[in-house]
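J.: So that we are looking at the same thing, I have put the structure below in C-alpha cells.
Number of protein chains: 2
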Amino acid sequence: MLTQVEENYIKALLHLASQDRAMTQQEGVGTNDLAAYLQVKPSTVNEMLKRLKEKELVNHKKYGKINLTAAGTRTGLGIVRKHRLWETFLCTKLEFDWDEVHDIAEQLEHIRSDKLIDKIDKFLGYPKYDPHGDPIPDNHGNIPKRDTQKLSNVGLDHSCRVLAVRDTSTAFLQYLEQLNIAINTIIEIKEKIPYDGTLRVEIDGKAAVLSNKVSENILVE
Amino acid sequence: MLTQVEENYIKALLHLASQDRAMTQQEGVGTNDLAAYLQVKPSTVNEMLKRLKEKELVNHKKYGKINLTAAGTRTGLGIVRKHRLWETFLCTKLEFDWDEVHDIAEQLEHIRSDKLIDKIDKFLGYPKYDPHGDPIPDNHGNIPKRDTQKLSNVGLDHSCRVLAVRDTSTAFLQYLEQLNIAINTIIEIKEKIPYDGTLRVEIDGKAAVLSNKVSENILVE
DNA sequence: TAAATAAGTTAGGTTATACTAACAAATTGA
DNA sequence: TCAATTTGTTAGTATAACCTAACTTATTTA
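Okay, structure coming up:
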C-alpha cells in the first residue's frame, strides 16, 4: 500500500521517462530532474528513492539514473488511468472546463477503490481519451496507440487536426481557448519563421500566430 | 487549511456531540471517548486537541469536556455535507449498494474543492437525504429537520416507516438487507419482550424478530 | 589534465501523527 | 473519607516527508 506522496513520485517518474524517450537528447532521469519536477529538494528525493527501492518499484544505483521496475510502471499506469478517468468525468458529467480539472483530478486519483474506478469507467462509457486528448490506460495498463506529432513539426501548407495537448496547466489551456483551439480543431500552417519557429496559422478561417512553445505542446494528425 | 486527520477529528467530535445530546445519560465528550471512537490512544487525542484549540475549532480546558466552537461546527458540517453527497452519488449514479459506500465516501469527503461539491450537489438534483436517510446539510450548514424516533421506542401495534439508520457499517446494513429492511420499509410492532427489548415485528406481511441493538439503530416515523 | 561546475549523497533538524510508559487529577464506592 | 478505579496529561520515541548545510562523485572545459 503506497502513500499519496509515494504515488506522486511514481507518477512523476512515469511522466519523466516518457518525456525522456520522446526528446532524443537526454538519457535517463536523475535525482535532480525528479526533484525539480516535484518541487522538492534532491535530498528528499534521495530518501524517497530508498523506500521505493525497498518496495521494488524503482531501480537505482548510487550516482546512477532512476528507472521504474515493471511493478512500478504498472502502478504508475493505474494512477494515470484514475487521473484521466476522473478528468473525463469532471468535464463530461459535471461540465467543468478542461482547464479546471487537473488539480481536482490530482486529488481524486489517490482514492483507493478498484470498484469505484471501474464503475466510473463504465458510467463514462469506457472512454479511450481524456478531455486533453491523452489516452486512458485500461484495466491492465494498456494504452491505445495513436500516431501523433507536435504541431511544430508539421510542414508548410498542411492542414491538421488537434488530437491532444502536452501541457494541462490552466494558463496554457485558457490561452488555447482564447486562440479558439480545442481538441479536433483544424489548423492550417501558413508560414514558419525560421528564426524562432513561430507559426502563422489559420484557425476556423481566421489568421493567428503561435509561438514555438505553444506549437510544441499541441499534438496533431 | 486542515489536514485530513484534523478533519476526521472534527467530524468525530460533531458525531459524538450529537449522539451525546440524543442519549440523555452522559454529559459531554471526553478525551477517552474521542480516542475510542477514532481508534487512537488518548495521548494522541491530547496532542491533536492542542492544535485544534490553536486553530480555534475546539474548546477544551484541562481535565474538562471537549466542545466544538462555532467555526468547528461549521467545518464539521461541511465535511458531513461532502460525505453524504458523495454517498448519494455512489448509490444513485454508480449503482453501489448502500452498504458499500461508507468507506469510499470517507476518502472522497476530503477532496478540496467547493466548486466540485456544489456541482455534485446540482448533478444529483440537490438531494435532502443520503442513501441511509441521513439529512444532507446545505451550503450554509443548515440541516433539514425531521421528526424521527428509534424503532425501539415505538409502541405496540403501531406501524411505522423507516426513515434512516444510525449505523452505516457494512455488517449492519447487510443484515438489514437480509431482513428486507430498507429506507421507507413499513414495520409493524407485534410484541415487545420486556426482558431485553427484543421486538417481534411484521415486514411486508412476514414475521421477523429484531434485537434491541438493531431496533435502536433504526429511525422511523 | 586539473580546476571549476554540476549532480548526487549524507547528516542532522522539523512537523504531523502516531505510539508507550509514567504520572496526576477526578470520580466512585466501601 | 480515603482507597481504588477511571480519566486525562506529560514525556519521550517512531515514521513519513520535508528541509539546510556539508560533503563526495561525475562531468565539463580552459
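So the protein sequences, as listed, match chains A and B. Residues in the first sequence are numbered from 1181 upward in steps of one, following my numbering. Residues in the second sequence are numbered from 1181 upward in steps of one, following my numbering. For glycine and all other residues, C-beta sits at the position ideal for the given N, C-alpha and C. Only a predicted model underlies this, so the values are computations on that prediction, with no experimental measurement involved.
Which residues mark the beginning and the end of the alpha helix (DSSP H) in which A/L1402 is found?
T.: The shown model of chain A, from 1181 to 1401, leaves out residue 1402 of chain A, and the question about it has no answer.
J.: Who are the Cβ neighbours of A/E1289 in its own chain at under 7 Å, not counting the five residues just before and after it?
T.: I1259, K1262, H1263, W1266
J.: Determine the extent of the alpha helix (DSSP H) in which A/H1282 is found, giving its start and end residues.
T.: 1281-1288
J.: Measure the beta-carbon distance from B/L1304 to B/F1269 and round it to whole angstroms, keeping in mind my assumption that it falls under 8 Å.
T.: 6 Å
J.: Beta-carbon separation of B/K1330 and B/R1346 under 9 Å?
T.: yes
J.: Using the beta-carbon count (16 or more within 10 Å), is B/D1301 buried or exposed?
T.: buried
J.: Can you list the residues of chain B that A/I1363 reaches, using a CB-CB cut of under 7 Å?
T.: Here the premise fails: no neighbours, minimum Cβ distance about 21 Å.
J.: Alpha helix (DSSP H) containing B/R1231: first to last residue?
T.: DSSP places B/R1231 inside the alpha helix (DSSP H), whose first and last residues are 1222-1234.
J.: Which stretch, first to last residue, makes up the alpha helix (DSSP H) that contains B/N1392?
T.: 1392-1396
J.: If I measure Cβ to Cβ from B/G1210 and keep anything under 8 Å in the same chain, skipping five residues before and after, which residues do I get?
T.: K1245, I1246
J.: Out of curiosity, what's the CA-to-CA distance linking A/G1192 and A/L1214?
T.: Reading the sequence as shown, one finds Ala at residue 1192 of chain A and not Gly. When rounded, the distance between both Cα atoms is 7 Å.
J.: In this structure, does DSSP put A/L1379 in helix, strand or coil?
T.: strand
J.: Quick one: which residues of the segment 1292-1303 of chain B get their C-beta closer than 9 Å to a C-beta of chain A? List them in chain order.
T.: R1292, S1293, K1295, L1296, K1299, I1300, K1302, F1303
J.: Could you give the distance in angstroms between the alpha-carbon of A/P1315 and the alpha-carbon of B/S1339?
T.: C-alpha separation (whole angstroms): 56 Å.
J.: Output, in sequence order along the chain, the residues in the segment 1261-1293 of chain A whose CB is closer than 9 Å to any CB in chain B.
T.: L1270, K1273, L1274, E1275, F1276, E1280, D1283, I1284, Q1287, L1288, H1290, I1291, R1292, S1293
J.: I need the straight-line Cα distance from B/I1369 to B/P1222, nearest angstrom please.
T.: 42 Å
J.: Helix, strand or coil for B/E1275, going by three-state DSSP, please let me know.
T.: coil
J.: Thinking B/L1232 and B/A1251 are a contact (beta carbons under 8 Å), I'd like their distance in whole angstroms, please.
T.: Not confirmed; about 10 Å, so no contact.
J.: Taking DSSP as the reference, what is the three-state secondary structure of B/A1216?
T.: helix
J.: Work out the CA separation of A/A1197 and A/T1204 for me, nearest whole Å.
T.: Below a pLDDT of 50, predicted positions are generally treated as unreliable, and A/T1204, at 48, falls in that range; the measurement from the model is reported next regardless. So the two alpha carbons sit approximately 12 Å from each other.
J.: What's the call for B/A1285, buried or exposed, on a 16-neighbour Cβ count within 10 Å?
T.: The residue is buried, with at least 16 neighbouring Cβ atoms inside 10 Å.
J.: Can you tell me whether A/S1332 is helix, strand or coil according to DSSP?
T.: In the structure shown, A/S1332 adopts helical secondary structure according to DSSP, grouped into three states.
J.: Compare the C-alpha of B/K1299 against each of A/H1320, A/D1298, A/T1272 and name the closest.
T.: A/T1272
J.: What number of angstroms, rounded off, separates the C-alpha of A/L1359 from the C-alpha of A/F1352?
T.: 11 Å
J.: A/E1280: buried (16+ other C-beta within 10 angstroms of its C-beta) or exposed?
T.: buried
J.: Consider the Cβ of B/T1204: report whether some Cβ of chain A lies at a distance smaller than 9 Å.
T.: Since pLDDT at B/T1204 reaches only 47, below the 50 mark, its modelled position is unreliable, and the value read off the structure follows with that caveat. Output row for B/T1204: interface = no.
J.: Going straight from the alpha carbon of B/K1230 to that of B/T1224, what length do you get?
T.: 10 Å
J.: B/H1195 by DSSP, collapsed to three states: which one?
T.: helix
J.: For B/S1349, count the other beta carbons within 10 Å of its own beta carbon; 16 or more makes it buried, fewer makes it exposed. Which is it?
T.: exposed
J.: Got a sec? Which residues, its chain only, sit under 8 Å from B/L1399 by beta carbon, not counting five neighbours each side?
T.: G1313, T1328, Q1329, K1330, L1331, V1342, L1343, A1344, V1345, R1346
J.: Per DSSP, A/K1386 is paired with what?
T.: A/I1383
J.: Would you report the Cα separation of B/E1401 and B/D1283, rounded to the nearest angstrom?
T.: 28 Å
J.: Buried or exposed: which applies to B/P1324, given that a residue is buried once 16 or more other Cβ atoms fall within 10 Å of its Cβ?
T.: exposed
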